[in-house]
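Below is one structure, written out as C-alpha cells; the observations come after it.
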Amino acid sequence: MVLEKDIFKEFEDIVGKGNIDDSEVITNVYAYNWCMEIFNYMEGKEPIPFSPIPKAVVLPSTTEEVQKLVMLCNKYGISCKIQSTGLGPWNQPSNENCIIFDMRRMNKIIKIDEKNFFAVIEPYVSGAQLEVEVMKYGLLPHNPGAGPQVSPLASATSMNGPGFTSPYTGHSARNVLGVEWVLPDGEIMKLGSYGLKNNPDWFHGDGPGPSLRGIMRGWAGTKSGLGVFTKVAVKLFPYPCSTDFNVKGSSPNYDFDIPDFMKLYVMDCGNFKKLENVMLGVEEEEISFMCSYLSGFAVMAIFSNSIESLMNKIAIGQMKAPIVIIITARTKREFAYKQKVMDLILKNFKIKNIIGKIYTPNPIFYAEALRSNLGLHGFIATGGFQSSKGVADTAAVCFRSTKSNIPLKKEFIKKKAIVNDFGEGTWMTSYESGHYFHMESPTMFDQTEESSVKGMAEYMEKSNQLDLLKHLGAPFFVEGTRMHELFGPYMSNYHLWLRKIKETFDPNNISDSGFYISP
Amino acid sequence: MAESNQENKKIRGFAVLINSILTPLNENKRFKEKFRNINTKILLNASNLNHAAIIVVDNGLVRVESIPNKPKENLKKQKIGWDAFLEMDTQTFLAIAMNRLSLLGVAKMWLTRRVKMCGIRKLLILLKMFKFLTSYNS
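If you're matching them up, the sequences are chains A and B in order.
Quick note: the first sequence uses our numbering, first residue 1, plus one each step.
Quick note: the second sequence uses our numbering, first residue 1, plus one each step.
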C-alpha cells in the first residue's frame, strides 16, 4: 500500500529528494522491531516480529518540515508514527495507512547550559552522545535503563524512563524542562519557559499558566500518539565522580581505569524483608549513585558478556536477595564520609560486601554503570528479553509485587516458555534517594520459538491481571486502547479523560494511536 | 574469582557449563589447601543434553572433561573409572548449584527417578566444592 505518486511528490517537496522512500525493501525493514511478536500475539495477531508495513518513511530535518508533514498527513488522512532512535514496538505503526517519520536527521545538541544544568536536544541525539558532550562541563544526563544508545528526547517526552542511576537522576518524567511540540493539527506548541513571550528560554518545564506536562506525557508518555516532539530541554546533574575516562581495548572487553572515588557493593540480604530495610536504610542516607535489587541471576548477568562468563558466576547467583549499590564522590572527604556510612549500614544489618572478596568485576562494569548501560546484559542468555510490571510506588508495594510475581513466573518456567530464573527475575531501583521506587520483572525468552513467544505474551497478560487483582499499581505497558479500557475502570476512569484529550488535540486521528488510545 | 576470557576448546556442551562454574575454584587458596589430598572423578550427566561432564579433582586442582553420553556404554564406570555418578536435567543441576533446591528436594527427585546417583559419599565432595564457591575467605 504505497503513496499515490502526486501525494509522494508533495511529501518529497517538503523533505527533499532522497529523504522519503516507499520502496518495498525499506518499508518492510521499518516494519520490524524487537518484541513486536509479543505485542502482536497479545493483540490477537500472529506472533511475528513485524508490524503493519508503513506506506513510506520520511526523514525531516527541521521543525518546520515536521510541521508541514503533519499538515499534509491531515490533508490526506494519513496517520504518522514517529521514531527517534527506534527501540521497540512502540515505534511501529498500528495500521497500513501510516507514514513513519524517522527523525535521524534531527540529531543536534542545540544548547548546553552548564550554569543552569540543562541541555536542549533534538530527537536523534542519543544518551551516549549527550553524556560525552556534557561530561566536558562535569555534568551527567539521566539515561533510562534501556541504555545510553536511546534518545533522551523520546524517553523524556514519550516513555517511562527509570534507569540504573535513578537514585541520583530520577526518571525521565522528572527530567523534562522546556519542550517544542508539533501538535497533531500542525500547530507548534512551546511548553514551559520556552513559551514565554519575552526572553523565552528552556530552563523550566511548567508555566506560565496551567502545566500541560500531564497531557504531553502523563506517567508513561503517549508513544507518538499525540503529535511530534522536535526539541526538549533535559536536566543535567553534577557528574558523580571524575570525568577522566581512560578506556583501552576493544568491544566488549574494554579495559577502564576505575575513577578514584567510586565503590561497588554487592550484598546478600537473605530475604525480602531485610532487603527492604537495607534499601530504605541506604536511601535514607542519600549516598547512593545506584541502589538496585536484582535477582541472583540478574546480578550474574550484569557482570557478564557471554553465556560462559555468566555461568562462572554461579557463586553470585546463590544470593537470595542481593542488593547492588554504587557510591561515588568528587572529593576524598565526601568519599570517606559515604564509605563510613556504608560501613555502619553493613555492620547494623550484619551483611557482607562480596566485591573484592569472592568476586572482582571487570573494570568496564564501572563505566557501564556510569552510562546506565547494564540493561543490555539481559539479552545474553537467550537473545530475547522483555519486562512485565513497571510499577512506581513505595518499596513495600514493589516488594509485594516482586513476591506475588514469583509463583506466576514459575508456572511459565514449568511450561518451558520462559527462562528459568527461579521466578525471581526482578529489577527494583529507588527513585531520588528512596522517595519512591520502581520495580519491573525482566524475563528472558526465545524469540525464535513460537511457543516461547506465546508463553511470554501469556505470562505478561497474567501479570497485568495480577496487578489489577492484588492492587499492585499500573504496569508501564498499559498502552493502547484495550489496555487502557481494562485498567481505566479500576483507576478513576482515567481512560475516558485520555480519550477526550486525544479527540481534542487530534481531531483527525493523525497521530498513530496504537500505543495511546483511539478516539 | 577473576574474569577470564579463555575458552577451553577440548570440552563440549554441558561440560563447558560445569567448567565455567568450577574453574574459579582453582584460584581459591583455601580450596586448594583443603582438597590437596583428594583425588576423585565424578561423572555428571545432563539427561537433556548430548555430552556429559567428568569432574576430576586432582590434589586441589579441578579439571573438567567431556564425553558424548550416547551410546550409554560411554558412561560405564569400567570405561571412565568414575567414583561417583549424578544424572539430572540442566535446570535441576543449576537449581542445586545456585542453592535453590534443598537436599530434601534432591532426595524427592531421586525417589521419583528424576535424579539418578551413585557413590553418594563421593558426591558430598561435589557439594563441598559448591560451598567453596561462596567462601568469603579465599
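Just so you know, even glycine gets a beta-carbon here, dropped at the ideal spot from N, CA and C.
Small disclaimer: the values here were computed from a predicted structure and weren't measured.
In the structure shown, what three-state DSSP assignment does P68/B receive?
-> Here P68/B carries a strand assignment [DSSP, helix/strand/coil].
So with Cβ pairs under 9 Å, would you call G270/A a contact of chain B?
-> no
What did DSSP end up calling E87/B once you bin it into helix, strand or coil?
-> Under the three-state reduction of DSSP, E87/B is assigned to strand.
Quick one: Cα of G480/A to Cα of G221/A, how far?
-> Cα-Cα distance, rounded: 11 Å.
Going by DSSP, name the residue or residues bridged to A56/A.
-> I99/A
Could you tell me if A107/B is buried or exposed, where buried requires 16 or more neighbouring beta carbons within 10 angstroms of its beta carbon?
-> exposed
With DSSP collapsed to three states, give me the class of I354/A.
-> coil
Could you tell me the distance, in whole angstroms, from the CA atom of E286/A to the CA atom of R113/B?
-> 53 Å
E12/A to N19/A span [Cα, whole Å] = In a straight line, the C-alpha of E12/A is about 7 Å away from that of N19/A.
Of all Cβ atoms in chain A, is any one closer than 9 Å to the Cβ of Y136/B?
-> For Y136/B, the pLDDT reaches just 48, beneath the cut-off of 50, and the residue's location in the model is therefore unreliable, leaving the point undetermined.
Under the rule that 16 or more other beta-carbon atoms within 10 Å means buried, what is M444/A, buried or exposed?
-> buried
Listed by chain order, chain A residues near L17/B by CB distance under 7 Å | What L17/B touches in chain A: M311.
Using CA coordinates, which residue listed in P184/A, S304/A, K389/A is at the minimum distance from I561/A?
-> In the structure as shown, chain A begins at 1 and stops at 519. Residue 561/A is therefore absent and cannot be evaluated.
Could you tell me whether the Cβ atoms of W181/A and M135/A are closer together than 9 Å?
-> no
If you check the beta carbons only, do K122/B and D83/B fall under 9 Å apart?
-> yes
Apart from the five residues just before and just after N587/A, which ones in its own chain have a Cβ nearer than 6 Å to its Cβ?
-> No answer is possible for residue 587/A: the residues shown for chain A start at 1 and end at 519.
Measuring CA to CA, which of S61/A, Y41/A, N33/A is closest to F50/A?
-> N33/A
Complete alpha helix (DSSP H) runs within the stretch 6 to 88 of chain A (minimum length 4 residues, chain order) = 24 to 30, 36 to 42, 63 to 76
Candidates N253/A, A146/A, Y359/A, A381/A, of which the one nearest F297/A by Cα | A381/A
Spell out whether any CB of chain B is found under 9 Å from the CB atom of F297/A.
-> yes
Alpha carbon to alpha carbon, how far is F130/B from F245/A? Give it in angstroms, no decimals.
-> 38 Å
3-residue-minimum beta strand (DSSP E) runs that sit fully inside the stretch 302 to 357 of chain A, ordered along the chain = 322 to 328
Could you give the distance in angstroms between the alpha-carbon of E334/A and the alpha-carbon of C241/A?
-> 11 Å
Might you give, ordered along the chain, the residues of its own chain that have their beta carbon closer than 8 Å to the beta carbon of Q149/A, omitting 5 neighbours on each side?
-> Cβ neighbours of Q149/A beyond the five flanking positions: T85, L87, S126, G127, A128.
Is DSSP giving N137/B helix, strand or coil here?
-> In this prediction, N137/B has a pLDDT of 42, which is less than 50 and means its spatial position is unreliable; what the coordinates show is noted afterwards. Note: N137/B maps to coil in three-state DSSP.
Three-state class that DSSP yields for D467/A in the structure shown | helix
Report, in whole angstroms, the separation of the C-beta atoms of P89/A and F39/A, which I expect to be a contact under 8 Å.
-> About 5 Å; that satisfies the 8 Å criterion.
Separation of A95/B from L22/B, as counted between CA atoms | 15 Å
is_contact[N99/B, chain A] using C-beta, thresh 9 Å = At a cut-off of 9 Å between beta carbons, N99/B contacts chain A.
Considering only residues of the same chain and omitting the five flanking positions on each side of E73/B, which have a CB-CB separation below 8 Å?
-> K79
S102/B at chain A interface by Cβ criterion, 9 Å | no
Between which two residues does the alpha helix (DSSP H) harbouring V397/A extend?
-> 395 to 414
Nonlocal neighbours in the same chain, by C-beta distance under 8 Å from I48/A, ignoring five residues either side | M36, E37, N40.
N373/A: contacting residues in chain B (beta-carbon distance under 9 Å) = Those within 9 Å of N373/A in chain B number zero; the least Cβ separation is about 17 Å.
Under 8 Å from the C-beta of F422/A: neighbouring residues of chain B = A95, M98, R100
So what does DSSP say about P442/A, is it helix, strand or coil?
-> strand
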